[in-house]
Each structure stands twice: as structure tokens, then as C-alpha cells.
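Residue numbers (the numbering used here): 15 to 196.
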């Protein structure tokens with residue numbers, strides 16, 4: 015998705031997988047990131063994602079934090095994790111949205127800054143998506159919110175959800191509050 019000239023292409027994909035070794039999985043993802051400095055690939059525990067709207071909002075906030083130079087993390091992927099989890103502490107964000115060994119629902123966020131001499135950012139994104147499809151089983155249904163799990167993960171009270179209308183908007187609101195607290 016290309017939002018405008020100031021926001022790079024963002025693609026959100028759901029997967030199911032059996033993570034045997036988190037360190038090896040992260041190494042493979044870091045290699046994808048290293049192979050193209052114009053792209054960021056971030057994997058998150060999809061159980062902590064309320065919807066595509068939630069992760070898209072968090073990703074845009076992360077990109078804008080780097081542009082404003084008020085990012086919390088040193089890299090965009092971790093900033094996305096912080097924003098999506100509505101946390102300021104990296105350890106807490108990883109606890110909520112980090113990869114874990116065993117069966118996992120995964121939300122993959124691909125952020126492409128621009129095209130390069132090898133081709134368009136769409137071509138590069140497709141290449142990275144193909145590599146992810148080789149590693150994991152594609153299943154976008156994992157991006158659908160499970161309100162009970164999300165309420166537990168984020169300690170969301172019914173009153174807060176009643177005011178904001180849904181768990182998605184509650185988490186978007188919490189992400190926005192990170193900006194105000196900065």
C-alpha cells in the first residue's frame with residue numbers, strides 16, 4: 015500500500031508457523047533486512063494485533079517518529095513493535111509481541127522506503143513476501159482480533175472499550191498517547 019510520497023509502501027501479511035528456534039528465525043529475518051537496506055521486515059505475535067488497521071496505524075506512527083527524530087528504538091522494526099504494543103519499554107514490547115517458540119500466529123510488516131536500481135519497491139516487496147511464504151504458511155485470518163485475548167494481553171477494561179467502541183480503537187488510542195507522552 016502506497017499512502018503518499020511521505021509514507022513508504024507498507025504491506026501487512028498474516029502467517030501461521032511452528033517456531034523451533036527464535037534466534038534462527040530472527041537471523042533469517044535480519045538477513046532479509048540486511049539484503050535490502052531500503053526495506054524493514056518486522057515479525058510480531060499476531061495474537062497481540064487487533065487488526066490490520068491497528069498495525070498500519072502503529073507502523074505509520076513508527077515511521078513518523080523517525081522522521082521527527084523522537085523514536086524510542088534504534089531501528090524501525092523495533093519502533094513498530096513498541097508502537098503496536100503501546101509500550102515505551104522494549105523488553106515489555108517484546109514480551110507482548112515478540113516471537114516465541116512453538117506454534118505461532120505471525121503478523122509480518124514490510125516497510126519499503128523507496129525503489130532502488132534492482133527494481134521497484136513493489137518488486138522488492140514481492141521478493142521478500144515470497145521468501146516469507148517459503149518460511150511460513152500464509153494465513154491472513156490471524157490478523158483478525160480476538161477481543162478476549164487482547165483484553166487480557168493489554169489489560170483493557172470494558173469501560174475503556176465502551177468509550178472507544180472496539181479493541182482496535184482502544185489500541186490505536188493507546189498508540190497515539192505514546193506521542194503525547196513523548
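Using N, Cα and C, we set each Cβ at its ideal position, and we do this for glycine too.
Exercise. Looking at C-alpha atoms only, which residue of 192, 66, 193 is the closest neighbour of residue 123?
Worked result: 66
For this session: Give a yes or no on whether 8 Å exceeds the smallest Cβ distance from residue 174 to chain D.
Result: Absence of chain D from the displayed structure is noted, only one protein chain being present.
Exercise. Per DSSP, what kind of secondary structure is residue 67 in: helix, strand or coil?
Worked result: helix
For this session: Alpha carbon to alpha carbon, how far is residue 112 from residue 62? Give it in angstroms, no decimals.
Result: 9 Å
For this session: Spatial neighbours of residue 56 within its chain, please: CB distance less than 6 Å, with the 5 preceding and 5 following residues excluded, ordered by chain position.
Result: 91, 94, 123
Exercise. Using DSSP with H/G/I as helix, E/B as strand and the rest coil, what is residue 105?
Worked result: helix
Exercise. In whole angstroms, what separates the C-alpha of residue 33 from that of residue 145?
Worked result: 16 Å
For this session: Assign residue 83 to buried or exposed, taking buried as 16 or more other Cβ atoms, counted over all protein chains shown, within 10 Å of its Cβ.
Result: exposed
Exercise. Per DSSP, what kind of secondary structure is residue 32 in: helix, strand or coil?
Worked result: Looking at residue 32 - three-state DSSP - the assignment turns out to be strand.
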